[in-house]
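Number of protein chains: 2
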Amino acid sequence: MFPVVPGHEILGRVSRVGAKVTRFKAGDLAAVGCMVDACRTCNHCARGLEQFCTNGVTFTYNSPDKHMGGMTFGGYSEKVVVDEAFTLKVPTNLDPAKAAPLLCAGITPWSPLRKWGAGPGKKVGIVGLGGLGHMGVKFARALGAHTVLFTTSASKAADGLRLGAHEVVLSTDAAAMAKHACSLDLIVDTVSADHALDPYMALLKLDATMVMVGAPPKPQQISSFSLFMPRRILTGSLIGGVAETQEMLDFCGKHDITCDIELIRIDQINQAYERMLKSDVKYRFVIDMASLRQ
Amino acid sequence: MFPVVPGHEILGRVSRVGAKVTRFKAGDLAAVGCMVDACRTCNHCARGLEQFCTNGVTFTYNSPDKHMGGMTFGGYSEKVVVDEAFTLKVPTNLDPAKAAPLLCAGITPWSPLRKWGAGPGKKVGIVGLGGLGHMGVKFARALGAHTVLFTTSASKAADGLRLGAHEVVLSTDAAAMAKHACSLDLIVDTVSADHALDPYMALLKLDATMVMVGAPPKPQQISSFSLFMPRRILTGSLIGGVAETQEMLDFCGKHDITCDIELIRIDQINQAYERMLKSDVKYRFVIDMASLRQ
Numbered sequence: 001m002f003p004v005v006p007g008h009e010i011l012g013r014v015s016r017v018g019a020k021v022t023r024f025k026a027g028d029l030a031a032v033g034c035m036v037d038a039c040r041t042c043n044h045c046a047r048g049l050e051q052f053c054t055n056g057v058t059f060t061y062n063s064p065d066k067h068m069g070g071m072t073f074g075g076y077s078e079k080v081v082v083d084e085a086f087t088l089k090v091p092t093n094l095d096p097a098k099a100a101p102l103l104c105a106g107i108t109p110w111s112p113l114r115k116w117g118a119g120p121g122k123k124v125g126i127v128g129l130g131g132l133g134h135m136g137v138k139f140a141r142a143l144g145a146h147t148v149l150f151t152t153s154a155s156k157a158a159d160g161l162r163l164g165a166h167e168v169v170l171s172t173d174a175a176a177m178a179k180h181a182c183s184l185d186l187i188v189d190t191v192s193a194d195h196a197l198d199p200y201m202a203l204l205k206l207d208a209t210m211v212m213v214g215a216p217p218k219p220q221q222i223s224s225f226s227l228f229m230p231r232r233i234l235t236g237s238l239i240g241g242v243a244e245t246q247e248m249l250d251f252c253g254k255h256d257i258t259c260d261i262e263l264i265r266i267d268q269i270n271q272a273y274e275r276m277l278k279s280d281v282k283y284r285f286v287i288d289m290a291s292l293r294q
Numbered sequence: 295m296f297p298v299v300p301g302h303e304i305l306g307r308v309s310r311v312g313a314k315v316t317r318f319k320a321g322d323l324a325a326v327g328c329m330v331d332a333c334r335t336c337n338h339c340a341r342g343l344e345q346f347c348t349n350g351v352t353f354t355y356n357s358p359d360k361h362m363g364g365m366t367f368g369g370y371s372e373k374v375v376v377d378e379a380f381t382l383k384v385p386t387n388l389d390p391a392k393a394a395p396l397l398c399a400g401i402t403p404w405s406p407l408r409k410w411g412a413g414p415g416k417k418v419g420i421v422g423l424g425g426l427g428h429m430g431v432k433f434a435r436a437l438g439a440h441t442v443l444f445t446t447s448a449s450k451a452a453d454g455l456r457l458g459a460h461e462v463v464l465s466t467d468a469a470a471m472a473k474h475a476c477s478l479d480l481i482v483d484t485v486s487a488d489h490a491l492d493p494y495m496a497l498l499k500l501d502a503t504m505v506m507v508g509a510p511p512k513p514q515q516i517s518s519f520s521l522f523m524p525r526r527i528l529t530g531s532l533i534g535g536v537a538e539t540q541e542m543l544d545f546c547g548k549h550d551i552t553c554d555i556e557l558i559r560i561d562q563i564n565q566a567y568e569r570m571l572k573s574d575v576k577y578r579f580v581i582d583m584a585s586l587r588q
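First to last, the protein sequences are chains A and F.
Counted the way this note's numbering counts, the first sequence spans residues 1 to 294.
Counted the way this note's numbering counts, the second sequence spans residues 295 to 588.
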């Protein structure tokens with residue numbers, strides 16, 4: 001619905017708070033992710049999974065605005081007004097610009113890594129090294145898992161190791177892939193282009209899980225044999241709930257984890273968009289919104 | 295590898311036992327399923343999942359025979375010789391002919407129904423009403439689940455209800471399918487032909503599971519949105535381990551559950567095979583092996 005103001009990885013200082021706000025005060029560092037409201041009462045909200053609210057999430061932009069009418073506007077703005085229940089605390093030791101993409105590129109791999117038990121003694125694969133994948137690698141490593149990056153780009157191997165991967169496997173190298181057959185406890189697949197799932201499913205142990213967090217526009221193919229020779233799980237994950245997002249931010253504060261970004265002025269967004277289409281970004285563009293007033 | 299003697303749903307009387315056999319004696323009713331051996335020491339065997347033995351299962355027919363050389367021969371025989379560790383006890387109240395297909399058509403839906411918690415308070419779907427599906431319906435009902443049969447054949451509705459389904463849904467009826475959207479806790483998909491998975495995934499609740507037990511020859515399509523809008527699981531299942539198969543047989547004895555079959559003589563197998571190809575069987579042909587000697 002036009003006009004649209006996008007932006008769902010928002011970080012800034014609180015300028016003012018409402019009379020009933022208790023968790024924030026003016027001057028605090030605060031963040032807003034993909035959602036600004038949900039019903040807060042359905043059984044999914046009750047489980048802290050507001051992103052699956054059965055009565056419908058109010059997304060940060062381009063959702064019907066229940067309070068103001070019209071549509072919600074996102075973070076490409078001078079300011080946003082958000083209920084404190086959907087506002088996150090940001091650890092003060094983090095660089096605000098580098099922390100902003102945690103609100104989507106961070107929580108998206110974080111949620112399945114936590115749900116499916118990434119940690120010490122586990123071998124975890126991350127497929128794809130983009131905005132989501134580079135955070136998947138950092139998180140899997142920081143959670144204590146043996147971390148393997150799968151990429152189609154030999155040029156990304158060095159960066160994969162720098163970001164924390166113990167191993168980098170070129171997924172086009174069948175022999176290299178075969179060495180990991182039936183050995184992974186968890187794979188988080190961040191690829192949003194068409195790609196074959198069966199070669200990654202073959203890397204999973206019995207009862208291990210592959211989680212799709214990318215959204216290829218078309219359906220992907222899966223062989224039933226990938227699902228039962230041996231028995232394995234294919235699932236998906238969509239951002240994360242509010243409490244889980246706060247948990248992720250707190251973890252980042254404790255472990256000093258942020259995103260690798262390139263800070264741009266708002267008048268550079270068209271060039272940035274063109275570069276993003278060519279995958280020429282390591283690994284997220286962040287807009288300095290102060291540039292809107294300059 | 296020819297010559298082949300198939301047959302992996304075997305039931306009969308013990309004629310003789312070896313000197314160290316303790317669980318069976320001559321005259322006992324005994325059964326053999328898809329497997330006659332496995333390594334018994336790998337971590338999958340140790341978990342009772344011999345069907346996923348990492349050192350290789352010895353299947354009941356057409357597997358290399360470790361003891362005798364050559365290949366194993368299955369149940370289309372006057373007799374089989376099987377290690378007692380892979381031989382099942384059969385409850386004596388069951389009709390032997392009707393119990394035989396439990397060894398594959400029974401254990402195949404039983405295993406995922408148990409693993410994924412089919413029982414009271416759960417809504418369980420069975421997709422397809424063939425040999426596996428008709429047992430899926432009986433088991434889901436007997437386990438206490440609200441049982442819904444999904445079929446493409448309106449002509450199977452009455453039989454679905456007779457077999458125990460609380461509801462039968464024609465999967466080609468989009469409006470009927472829509473009524474079950476996001477409501478099922480578990481679906482066991484027994485279809486082995488090409489079919490769309492997304493319409494069934496859409497019936498699952500958050501974090502609910504669809505299990506493929508059929509083996510379509512080609513890969514099937516799955517949309518990532520089916521996996522994360524909301525979060526859902528797609529997995530598979532392959533027969534079951536020895537202990538789990540015994541559990542299923544004991545359950546059948548307690549609840550007086552057997553398969554719906556048509557008993558044939560061995561000289562009728564070619565006609566039976568032709569009828570099976572046309573789905574003209576309710577729901578399993580069983581060969582009376584006494585007919586081999588007549």
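Every residue gets a Cβ at the ideal spot worked out from N, C-alpha and C, and that includes glycine.
Boundaries of the alpha helix (DSSP H) harbouring residue 427/F: 425–436, taken from the DSSP string.
Counting only residues of its own chain and dropping the five nearest sequence neighbours on each side, residue 172/A has a CB closer than 7 Å to the CB of 152. Taking residue 107/A as reference, the option from 80/A, 87/A, 77/A, 139/A with the minimal CA-CA separation is 139/A.
Going by beta carbons, residue 311/F and residue 319/F fall inside the 8 Å limit. In this structure, residue 367/F lies near residue 355/F, with their beta-carbon atoms less than 8 Å apart. For residue 235/A, the nearest beta carbon of chain F is closer than 8 Å to its own beta carbon. With a cutoff of 8 Å on beta-carbon distance, residue 385/F and residue 547/F are scored as near each other. For residue 205/A, the enclosing beta strand (DSSP E) starts and ends at 204–212.
Considering only beta carbons, the part of the segment 328–346 of chain F lying closer than 9 Å to chain A consists of 337, 338, 341, 343, 345, 346, in chain order. Secondary structure note for residue 548/F: it is in no beta strand (DSSP E), and the uninterrupted alpha helix (DSSP H) holding it is 536–549. Listed as beta-bridge partners of residue 167/A by DSSP are 148/A.
With distances taken between CA atoms, residue 585/F lies nearest to 562/F out of 562/F, 531/F, 340/F, 472/F. Counted as a single uninterrupted DSSP element, the alpha helix (DSSP H) harbouring residue 269/A occupies residues 269–277. As DSSP reads the structure, residue 261/A sits in a beta bridge with 284/A. Beyond the five residues adjoining it in sequence on each side, residue 122/A comes within less than 6 Å, by CB distance, of 145, 185 in the same chain, given in chain order.
Judged by DSSP in its simplified three-state form, residue 27/A adopts coil rather than helix or strand.
The DSSP-derived three-state label of residue 401/F is helix. Under DSSP, residue 530/F shares a beta bridge with 506/F. Against chain A, the beta carbon of residue 515/F has neighbours under 9 Å at 218, 219, 220, 221, 222, listed in chain order. Taking all protein chains in view, the Cβ of residue 571/F is surrounded by fewer than 16 other Cβ atoms within 10 Å, so the residue is classified as exposed. When CB distances to chain F are screened at a threshold of 9 Å, the residues of the segment 54–66 of chain A falling below it are 54, in chain order. Residue state for residue 345/F is assigned as helix, using DSSP reduced to three classes. Rounded to whole angstroms, the gap between the alpha carbons of residue 99/A and residue 542/F is 53 Å. Residue 110/A has its alpha-carbon roughly 48 Å from the corresponding atom of residue 378/F. For secondary structure counted as the alpha helix (DSSP H) over 4 or more consecutive residues, the segment 349–401 of chain F holds these complete runs in sequence order: 390–393.
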